[in-house]
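K.L.:
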Amino acid sequence: MNDNPQQPAATRRKFLTAVGGFAGFIAAGPTVTLRPAAATLAAMAAAIREVVGEAPVREGKVMLDVPPLVENGNAVSLIVSVESPMTGSEHVKSIHIFNEKNPQANVAAFYLGPRAGRARVSCRIRLADSQKVVAIARLSDDSFWFDSVNVMVTLAACLEELR
Amino acid sequence: MTRALINVPAKAQRAEVIEIKTLVSHPMETGYRRDNVGNLIPRDIICRFVCTYNGVEVFRADLFPAMAANPFLSFFTVATESGTIEFQWTDDHGNTQTASASIEVE
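In order, the protein sequence lines correspond to chains A and B. This note's numbering applies: residue 8 is where the first sequence begins, and numbers increase by one. This note's numbering applies: residue 23 is where the second sequence begins, and numbers increase by one.
(1) Please list, in chain order, all residues of the same chain as Ser-84 (chain A) whose beta carbon is under 6 angstroms from its beta carbon, the five residues on each side excluded.
(2) If you scan the segment 94-123 of chain B from start to end, which runs of the beta strand (DSSP E) of 3 or more residues do you find wholly inside it?
(3) Output yes if chain B places a C-beta closer than 8 angstroms to the C-beta of Arg-125 (chain A); else output no.
(4) Check whether the Cβ of Thr-112 (chain B) lies closer than 8 angstroms to any Cβ atom in chain A.
(5) With Ala-144 (chain A) and Ile-102 (chain A) assumed to form a contact (beta carbons below 8 angstroms), what rounded beta-carbon distance in angstroms separates them?
(6) For Ala-207 (chain A) and chain B, any beta-carbon pair shorter than 8 angstroms?
(7) List the residues of chain A that Ser-124 (chain B) touches, going by C-beta distances under 9 angstroms, in chain order.
(8) Let me know if Leu-27 (chain B) comes out buried or exposed under the rule of 16 or more other beta-carbons within 10 Å of its beta-carbon.
(9) Kindly list, in the order they appear in chain B, the residues whose Cβ is closer than 7 angstroms to that of Asn-142 (chain A).
(10) Helix, strand or coil: how does DSSP classify Arg-127 (chain A) here?
(11) Distance check for Met-50 (chain B) and Lys-108 (chain A), CA to CA, integer angstroms please.
(12) Could you pull the start and end residues of the alpha helix (DSSP H) that Ala-48 (chain A) belongs to?
(13) Grouping DSSP H, G and I as helix and E and B as strand, with all else coil, what is Arg-122 (chain A)?
(14) With the cut-off set at 8 angstroms, would you say Phe-71 (chain B) and Gln-111 (chain A) are in Cβ contact?
(15) Measuring only the C-alpha atoms, how far is Ala-164 (chain A) from Asn-58 (chain B)?
(16) Given a limit of 9 angstroms on CB to CB distance, which residues of the segment 81-96 of chain B reach chain A?
(17) Can you find a CB in chain B that lies within less than 8 angstroms of the CB of Phe-151 (chain A)?
(18) Please report the distance separating the alpha-carbon of Ile-104 (chain A) from that of Thr-47 (chain A).
(19) Would you call Leu-134 (chain A) buried or exposed, if buried means 16 or more other Cβ atoms sit within 10 Å of its Cβ?
(20) Which ranges would you report for the beta strand (DSSP E) in the segment 77-159 of chain A if only whole runs of at least 3 residues count?
(21) Three-state secondary structure (DSSP) at Ala-32 (chain B)?
(22) Mind checking if Thr-99 (chain B) is an interface residue toward chain A, Cβ cutoff 8 angstroms exclusive?
(23) Classify Ala-93 (chain B) as buried or exposed, calling it buried when 16 or more other Cβ atoms lie within 10 Å of its own Cβ.
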């Protein structure tokens with residue numbers, strides 16, 4: 008046997024695995040609908056009410072920095088900062104992050120105080136879909152302020168099980 | 023649990039606002055994923071993080087499954103006095119991981 012007849016076999020094998028992989032991907036498509044029910048706008052509103060109660064939430068003071076377009080929803084960098092002098096009498100008590108379409112509306116809650124010095128927290132979050140992310144800050148006078156960002160996600164988190 | 027990385031400045035001026043960065047290696051399993059035979063993988067996340075400065079709590083976080091794996095957190099605090107800054111991560115099963123750093127304030 009010479010080496011030449013093996014060459015096409017190897018490429019055929021490569022071709023078949025490639026096609027097989029693609030077919031598998033297509034077959035996995037419909038199972039996307041079997042994902043756990045995503046949190047809806049109502050679920051997010053309920054999660055927010057749980058934190059805020061009946062108090063009004065005004066826009067401003069909070070700066071939520073999330074890239075508007077992310078490639079990978081498994082780790083999205085998020086920076087939230089609040090305009091506040093951070094003194095004993097005037098500071099940020101807590102910052103809460105919510106999302107619209109992940110299976111659960113809560114993302115995180117950060118509790119600060121006058122000893123934080125600066126009301127700024129950064130972390131990395133998961134996003135299951137293109138959606139709105141909301142940050143709500145509670146100040147020491149118990150007023151609530153928010154900021155929101157719409158994020159486009161090309162590769163969503165929570166879908167790794169399809170591979 | 024697993025390995026934690028922390029970054030605290032070794033020296034600071036009094037009343038200076040310093041940045042603290044923390045990273046702990048943890049899969050942060052959401053409880054919404056399925057394995058290759060379709061069974062739900064049980065949830066296992068770090069749900070609480072606390073930072074204390076000489077025994078006084080300066081930062082606390084409640085985390086949910088939407089935090090990315092290997093949770094990274096960065097925040098600020100005022101350098102008030104020399105001493106130790108301690109960190110504690112708690113997971114769903116109540117296991118804790120601690121780390122500490124010392125800081126010298128001039």
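Glycine included, each C-beta is placed from N, C-alpha and C at the ideal position. All values derive from a computational prediction rather than experimental measurement.
P.N.:
Quick look at the numbers:
(1) Arg-131
(2) 94-100 and 105-113
(3) Yes - at least one Cβ of chain B is within 8 angstroms of the one on Arg-125 (chain A).
(4) no
(5) About 5 angstroms separates the two Cβ atoms, so the contact holds.
(6) Because chain A here runs from 8 to 170, residue 207 (chain A) falls outside it and cannot be looked at.
(7) Within chain A, no residue comes near Ser-124 (chain B); the closest Cβ sits about 18 angstroms away, beyond 9 angstroms.
(8) exposed
(9) As written in the sequence, residue 142 (chain A) is Ala, which differs from the Asn given in the question. Neighbours of Ala-142 (chain A) on chain B: none; closest Cβ ~13 angstroms, over 7 angstroms.
(10) strand
(11) 19 angstroms
(12) This sequence places Leu at residue 48 (chain A); Ala is not what is there. Its alpha helix (DSSP H) spans residues 48-59.
(13) helix
(14) The Cβ-Cβ distance between Phe-71 (chain B) and Gln-111 (chain A) does not fall below 8 angstroms.
(15) 17 angstroms
(16) Phe-81, Arg-82, Ala-83, Asp-84, Leu-85, Phe-86, Pro-87, Ala-88, Met-89, Ala-90, Ala-91, Asn-92, Pro-93, Phe-94, Leu-95 and Ser-96
(17) Not one chain B Cβ lies under 8 angstroms of Phe-151 (chain A).
(18) Roughly 15 angstroms separates the two Cα atoms.
(19) buried
(20) 83-89, 99-106, 113-118, 127-132 and 138-146
(21) coil
(22) yes
(23) Looking at the sequence shown, residue 93 (chain B) is not Ala but Pro. Classification of Pro-93 (chain B): buried, given that the 10 Å Cβ count is 16 or more.
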